[in-house]
Amino acid sequence: MKTDIHPEYREIVFRDLASGETFLTRSTADSDKTIDLDGATYPVIDVEISSASHPFYTGKQRILDSAGRVEKFKNRYKGFGG
1 MKTDIHPEYR EIVFRDLASG ETFLTRSTAD SDKTIDLDGA TYPVIDVEIS
51 SASHPFYTGK QRILDSAGRV EKFKNRYKGF GG
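Per UniProt numbering, the very first residue in the sequence shown carries number 1; after that it's consecutive.
Structural data, given as structure tokens:
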């Protein structure tokens with residue numbers, strides 16, 4: 001394998017801007033911003049949405065009644081263009 005071509009794989013913090021949650025993980029992503037977490041300084045990447053704030057994962061997802069809409073459409077246009 002070639003040396004010095006791979007990005008550095010290190011610990012990094014992802015911070016959810018919607019909920020304020022932080023996730024410490026490892027990544028090759030880079031950031032100029034830093035955060036102090038558990039007595040250590042890590043690079044931080046701000047994300048707009050994560051599993052901590054996404055409606056699907058938090059259980060606040062709205063379910064659309066698409067079947068009712070389809071039936072309403074068919075009833076409205078059943079005699080048109082026949």
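Beta carbons: idealized from backbone N, C-alpha and C, even for Gly.
Taking all protein chains shown into account, V70 has fewer than 16 neighbouring C-beta atoms within 10 Å of its C-beta and is therefore exposed. Look at the beta carbons and you see the stretch 43 to 55 touching the stretch 4 to 22: at least three pairs across the two are nearer than 8 Å.
The Cβ atoms of S53 and A18 lie closer than 9 Å to each other.
Of the residues N75, T22 and K2, the one whose Cα lies closest to the Cα of D36 is T22. For I12, the enclosing beta strand (DSSP E) covers residues R10 to D16.
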